[in-house]
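Data block below; observations after.
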Amino acid sequence: MMITTFMITFIILILNGLYMVVLLFNTHKFHDREKNSPFECGFDPFSTSRISFSVHFFSIMLMFLIFDVEISVLIPMPLTLSFTYFNIWGLSAILLIFILILGLGLEWKEGSMNWK
C-alpha cells in the first residue's frame, strides 16, 4: 500500500518537473508591442480603460461590506443559543452589537455617511 502511494507521488513529481521544464524552455522571448496593445475594431482607443470613481463612494461601499458582514454574523446567533452557554452567547452578541454601533457612530461623526 505504501509503495503504490510513493510511486504515485513520485510519478506526479516527475510529471510536474517535466511540465516546469517545458514551460521554462517554451516561453516567448520576443514580445510584440502590437500584440500587447488594445484593439477596438482596428482603431486606437479614444479613452483610457480605467473609469474614475469617487473615493467617497468607495468608502461607503467598504462601510456597507463591513456592517453587512457583522449583521450576517449576528443573524444566526439565536440559533446557536441552544448549543452554548447563555453567558458566552450574550457576551459575544453584546460585543458585536457594540462594535456595530461604535463603528456607525464614528462614521456618522466623521461625516462619511452624508451623500454630497
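Residue numbering for the sequence shown is 89 to 204, as defined by our numbering.
By construction, the Cβ of each residue, glycine as well, lies at the ideal position given by its N, Cα and C atoms.
Owing to the predicted nature of the structure, the values given are computational and were not obtained by experimental measurement.
With distances taken between CA atoms, Met165 lies nearest to Leu183 out of Met108, Leu153, Leu183.
Between Ser180 and His144, the C-beta spacing is not below 9 Å. In this structure, Ile159 keeps its C-beta atom at 9 Å or more from the C-beta atom of Gly191. Linking Phe171 to Trp177 through their CA atoms gives a straight-line distance of about 10 Å. DSSP places Met90 in the uninterrupted alpha helix (DSSP H) bounded by 90–113. Taking 9 Å as the cut-off, the Cβ atoms of Ile189 and Leu162 do not count as close.
Rounded to the nearest whole angstrom, the C-alpha separation of Glu195 and Asp156 is 15 Å. For Ile163, the secondary structure class from DSSP, reduced to helix, strand or coil, is coil.
Assigned with DSSP and collapsed to three states, Phe155 falls in helix.
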